[in-house]
Amino acid sequence: MKKDIEEIMLYYDRFVHIAEQISLDANHQIARLKGTVVADELASDFSEIGMAYARELLEEEWITREQFAIAESIDEMLAGMSDRNELWTEDALINAEEWENCRKKGDMLLKTLE
Numbered sequence: 017m018k019k020d021i022e023e024i025m026l027y028y029d030r031f032v033h034i035a036e037q038i039s040l041d042a043n044h045q046i047a048r049l050k051g052t053v054v055a056d057e058l059a060s061d062f063s064e065i066g067m068a069y070a071r072e073l074l075e076e077e078w079i080t081r082e083q084f085a086i087a088e089s090i091d092e093m094l095a096g097m098s099d100r101n102e103l104w105t106e107d108a109l110i111n112a113e114e115w116e117n118c119r120k121k122g123d124m125l126l127k128t129l130e
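Going letter by letter, the sequence shown gives residues 17 to 130 in my numbering.
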């Protein structure tokens, strides 16, 4: 069943916003999500909300299989980090290579969406 065009546009805009958020440098991520557990918020926004939008957008042919694959790879990176408590602090967000890799992939995704 095809979705309403305005609903799909909204999904797209929200997906782009979430991709932007994961791409920001750590200090901007911390500033944007002040008052939350920033690393947790970034991961849940991307994995729980962003990936749901990505699936809908792929189904509606608003993103390509390649764009979806980049999003999936970020989701897998975040999942792979989930058991490592030391990666879920603001210090880790700033200094850990794992978060930097997520930002780089997010930036790659964002460039394909613009």
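The beta-carbon is built from N, C-alpha and C at its ideal position, and this holds for glycine as well.
Using a 10 Å radius around the Cβ and a threshold of 16 neighbouring Cβ atoms, would you call K121 buried or exposed?
buried
Taking all protein chains shown into account, decide if V53 is buried (16 or more other Cβ within 10 angstroms of its Cβ) or exposed.
exposed
Distance check for M93 and L58, CA to CA, integer angstroms please.
13 Å
Assign L109 to buried or exposed, taking buried as 16 or more other Cβ atoms, counted over all protein chains shown, within 10 Å of its Cβ.
buried
Should A70 and A87 be called a contact, given that it needs their Cβ atoms to be closer than 8 Å?
yes
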